[in-house]
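Colleague: Numbering (UniProt numbering), first residue to last: 1 to 636.
The structure follows.
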């Protein structure tokens, strides 16, 4: 146990560590489920590091949130006190940059990369220039951070003091570090992956890859492989083309935009419809007919738009203006759209949910993980991967070992109640049902001490509860009420959650959010920070064209399992994740109230972990009150 820094092992940790060690030595992939509070992060590191260090493999530890990534660095710091190990956490250029222009004007990874490259090339980045002038100091600082795993802010502080580039310094440390901690995007986004590996001089065969909270992977992979543009972007591109006197491009874009508007009026005659599938060729029909061009000329035009876009970005950087190009963006998107024609793993959509837009929706998350067959070993771990075989199939993970570890939550510390008289099934939703749910929630909040989370199946359901006077009635309990905002920035949300947690030391508070959101999955709540959760409904996706396309795709790929893989299972995993916010250790007590009788059905229960499924009790409002009072009466 050379790389396990703690004196006491939790139950089954030794078995976990040995299993990971065996998998990496054999070059196998491993899909592993272990409950909340198990200590998965330290266990997987202790299992991987002996062989990785001995055989010279780079460990790439991937997570979804900054909080999860920071936790890995904290564990590496603990290991380093016992056995030398180096590790560094990668962040985006924007987060690891001191140049005011890049900080102010870039919002995405691609633009930040273009700006960084141009600033360096033109000699306008003093931090990069200093890096060349202070080569010895740069090397010395990198060497220092190889002796002590560091959080990004620590590297940022050093770099700021010495006026060096924090991004380049982090990359320099990463070249020799034993462990690189990064976002999923570094490997599941094809463009970012290639640039990342090339920048560090790595090949797939150099890597042992760990995916933390791997239940997030299917959704994150779909998101990374998908893309969209809006009609506003097209209109701005027309103005940009006129400004830069690109008359042919302006003409093409005007006709293209007109074609989209004709398609829109044809496809959206029904006001209830928010998205419609398109034949991929249809968006090019109008410009090709009007301009009399063929596919070859179309591709030539789109490539020209990409080239012009690059020139415009460079020009705007020179003039100290925001480094965007709408022409370049449209060109890149339409080239991708054109290249995917004929592919059955993409859905071509026109949407009007947030204004008229075109969307390329990926249907096969496994396409983001094709590189896994070339790495030494890949480990996928989470507290909610049941059934493991389904995760293996959907993500196409070959040569894999599967292992599920038993519950840690003690029976006496968990109370799971299911309301048998309410549901969020579409045909049952009404103000009357929402009022009944509000009664359940308010009674729960009154009885459970301190903090309670209320996570709904969707923002639509949350709105339904608010329309049934939920907020006012909760405030009457004397507890503060915090409502998750759709589209809030990470900073705003972090502040909201910090304020919610702080109330655990006073009268308690209620956090309203959605299942599958960052507060029901990415956050940890310890002690009284969340003594109970109310889960309102089952978070099944709306039966939209994209949902149905996903089901059809999986049905063709896995006959008889399409609806299960594409519709039911993702929702059940979101339910489990939200329920898991209550128990961060075996000793923590917590109540879980599910306001949907469908949770009692066997086809739902079979996808739930044993600690959640085995002890479910069906209740009405009166019975729930009795169970909760008895459960919490023993707490001093």
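For each residue, glycine too, the CB sits at the ideal point set by N, CA and C.
Identify every run of the beta strand (DSSP E) within the region 202-269, keeping only runs that are complete inside it and at least 3 residues long; order them along the chain.
Modeller: 207-211 and 227-230
Colleague: Along the chain, where does the beta strand (DSSP E) that runs through residue 513 open and close?
Modeller: Here residue 513 refers to the residue found at position 513 of the chain shown. Residues 509-514.
Colleague: What residues in its chain sit with their C-beta under 6 Å from that of residue 639, if we drop five residues either side in the sequence?
Modeller: Outside the displayed span of the chain (1 to 636) sits residue 639, for which this structure offers no information.
Colleague: Take residue 511 as the anchor and find which of 9, 451, 467 and 492 has the nearest alpha-carbon.
Modeller: Counted from its first residue, the chain shown places residue 511 at position 511. Put simply, of 9, 451, 467 and 492 the residue whose alpha carbon is nearest the alpha carbon of residue 511 is 451.
Colleague: Determine the extent of the beta strand (DSSP E) in which residue 61 is found, giving its start and end residues.
Modeller: Taking the first residue of the chain shown as 1, we reach residue 61 at position 61. Per DSSP, residue 61 belongs to the beta strand (DSSP E) from 58-63.
Colleague: Assign residue 297 to one of two classes, buried (16 or more other C-beta atoms within 10 Å of its C-beta) or exposed (fewer than that).
Modeller: On the chain shown, position 297 is the one that residue 297 refers to. By the Cβ-count criterion, residue 297 is exposed, with fewer than 16 other Cβ atoms from all chains shown falling within 10 Å of its own Cβ.
Colleague: Counting Cβ pairs closer than 8 Å, one from the region 144-153 and one from the region 74-85, do we hit at least three?
Modeller: yes
Colleague: Under three-state DSSP, which class holds residue 422?
Modeller: For this step, residue 422 is matched to residue 422 along the chain shown. In the structure shown, residue 422 sits in coil (DSSP, three-state: anything other than H, G, I, E or B).
Colleague: Here's the rule: buried if 16 or more other CB atoms are within 10 angstroms of the residue's CB, otherwise exposed. What is residue 35?
Modeller: Translated into the one-based positions of the chain shown, residue 35 becomes position 35. By the neighbour-count rule (16 or more Cβ atoms within 10 Å), residue 35 is buried.
Colleague: Residue 401 and residue 366 - do their beta-carbons sit closer together than 8 Å?
Modeller: Numbered from its first residue, the chain shown carries residue 366 at position 366. Numbered from its first residue, the chain shown carries residue 401 at position 401. No, Cβ-Cβ distance for residue 366 and residue 401 is not below 8 Å.
Colleague: Under 8 Å, with one C-beta from each stretch per pair, do the region 567-583 and the region 602-609 reach the 3-pair mark?
Modeller: yes
Colleague: What does the alpha-carbon distance come out to for the pair residue 323 and residue 343?
Modeller: Here residue 323 refers to the residue found at position 323 of the chain shown. Here residue 343 refers to the residue found at position 343 of the chain shown. If you take the alpha carbons of residue 323 and residue 343, they lie about 33 Å apart.
Colleague: Is the CB-CB distance between residue 75 and residue 106 below 8 Å?
Modeller: One-based indexing of the chain shown puts residue 75 at position 75. One-based indexing of the chain shown puts residue 106 at position 106. 8 Å or more divides the Cβ of residue 75 from the Cβ of residue 106.
Colleague: Would you tell me roughly how many angstroms separate the C-alpha atoms of residue 316 and residue 125, rounded to the nearest one?
Modeller: On the chain shown, residue 316 is found 316 positions in, with the first residue counted as 1. On the chain shown, residue 125 is found 125 positions in, with the first residue counted as 1. Each residue's Cα considered, the two are about 16 Å apart.
Colleague: Does the region 425-432 come into contact with the region 498-516, if we say contact requires no fewer than three beta-carbon pairs (one atom in each stretch) closer than 8 Å?
Modeller: no
Colleague: Within 10 angstroms of its Cβ, does residue 503 collect 16 or more other Cβ (buried), or is it exposed?
Modeller: Taking the chain shown and counting its residues from 1, the one referred to as residue 503 is at position 503. That one is buried.
Colleague: Hey, residue 240 and residue 325 are a contact pair by Cβ (cut 8 Å); roughly how many whole angstroms apart?
Modeller: Counting from 1 along the chain shown, the entry for residue 240 is found at position 240. Counting from 1 along the chain shown, the entry for residue 325 is found at position 325. Their Cβ separation, rounded to whole angstroms, is 7 Å, which keeps residue 240 and residue 325 in contact under 8 Å.
Colleague: Roughly how many angstroms lie between the CA atoms of residue 532 and residue 626, to the nearest whole one?
Modeller: The residue labelled residue 532 in the question sits at position 532 within the chain shown. The residue labelled residue 626 in the question sits at position 626 within the chain shown. Using only the alpha carbons, I get a separation of about 15 Å.
Colleague: Would you report the Cα separation of residue 491 and residue 220, rounded to the nearest angstrom?
Modeller: Looking up residue 491 in the chain shown gives position 491. Looking up residue 220 in the chain shown gives position 220. Those two C-alpha atoms are separated by around 21 Å.
Colleague: Check this for me: beta carbons of residue 57 and residue 206, under 8 Å apart or not?
Modeller: Taking the first residue of the chain shown as position 1, residue 57 is located at position 57. Taking the first residue of the chain shown as position 1, residue 206 is located at position 206. Contact flag set, yes.
Colleague: List the DSSP bridge partners of residue 380.
Modeller: Your numbering for residue 380 matches position 380 in the chain shown. Looking at the DSSP assignment, residue 380 forms a beta bridge with 31 and 211.
Colleague: Buried or exposed, going by whether 16 or more other CB atoms sit within 10 Å of the CB of residue 577?
Modeller: Here residue 577 refers to the residue found at position 577 of the chain shown. Buried, because 16 or more other Cβ atoms sit within 10 Å of the Cβ of residue 577.
Colleague: Using the Cβ count rule (16 or more neighbours within 10 Å means buried), how would you classify residue 328?
Modeller: Your numbering for residue 328 matches position 328 in the chain shown. Residue 328 comes out buried.
Colleague: Express the C-alpha separation of residue 20 and residue 145 in angstroms, rounding to a whole number.
Modeller: Looking up residue 145 in the chain shown gives position 145. Looking up residue 20 in the chain shown gives position 20. Rounded to the nearest angstrom, the two C-alpha atoms are 27 Å apart.
Colleague: Would residue 111 be called buried (16 or more neighbouring beta carbons within 10 Å of its own) or exposed?
Modeller: Reading the chain shown from its first residue, position 111 is the one you call residue 111. Counting Cβ neighbours within 10 Å, residue 111 comes out buried, since at least 16 surround it.
Colleague: Taking only beta-carbon atoms, is residue 320 less than 8 Å away from chain B?
Modeller: Absence of chain B from the displayed structure is noted, only one protein chain being present.
Colleague: Counting along the chain, where does the beta strand (DSSP E) carrying residue 547 start and finish?
Modeller: As a position in the chain shown, residue 547 is number 547, starting the count at 1. Not the beta strand (DSSP E): residue 547 falls in the alpha helix (DSSP H), residues 545-557.
Colleague: Distance check for residue 562 and residue 647, CA to CA, integer angstroms please.
Modeller: Here the chain comprises residues numbered 1 to 636, so residue 647 is not present and cannot be evaluated.
Colleague: Should residue 285 be labelled buried (16 or more other beta-carbon atoms within 10 Å of its own) or exposed?
Modeller: Residue mapping note: residue 285 aligns to position 285 of the chain shown, counting from 1. Burial call: exposed.
Colleague: Going by CA-CA distance only, name the one from 261, 470, 524 and 545 that's closest to residue 536.
Modeller: For the purposes of this step, residue 536 is identified with residue 536 of the chain shown, where counting begins at 1. Residue 470 is the option with its Cα nearest to residue 536.
Colleague: CA-CA distance, residue 354 and residue 588?
Modeller: As a first step, residue 354 must be located in the chain shown, where it is residue number 354. As a first step, residue 588 must be located in the chain shown, where it is residue number 588. Roughly 42 Å between the two C-alpha positions.
Colleague: Report the residue from 377, 509, 167 and 190 whose alpha carbon sits nearest the alpha carbon of residue 453.
Modeller: For the purposes of this step, residue 453 is taken as residue 453 along the chain shown, with counting starting at 1. If we check each option's Cα against that of residue 453, 509 comes out closest.
Colleague: Can we say the region 403-412 touches the region 44-62, given the rule of at least three CB pairs closer than 8 Å?
Modeller: no
Colleague: Could you name the residues of the same chain whose beta carbon sits closer than 6 Å to that of residue 420, not counting the 5 residues immediately before and after it, in chain order?
Modeller: The residue given as residue 420 occupies position 420 in the chain shown. Excluding sequence neighbours, residue 420 sits near 597 and 618.
Colleague: Could you pull out every unbroken beta strand (DSSP E) segment of at least 3 residues lying fully inside the region 261-347, listed in chain order?
Modeller: 275-277
Colleague: When the Cβ atoms of the region 300-309 are set against those of the region 330-346, are three or more pairs found closer than 8 Å?
Modeller: yes
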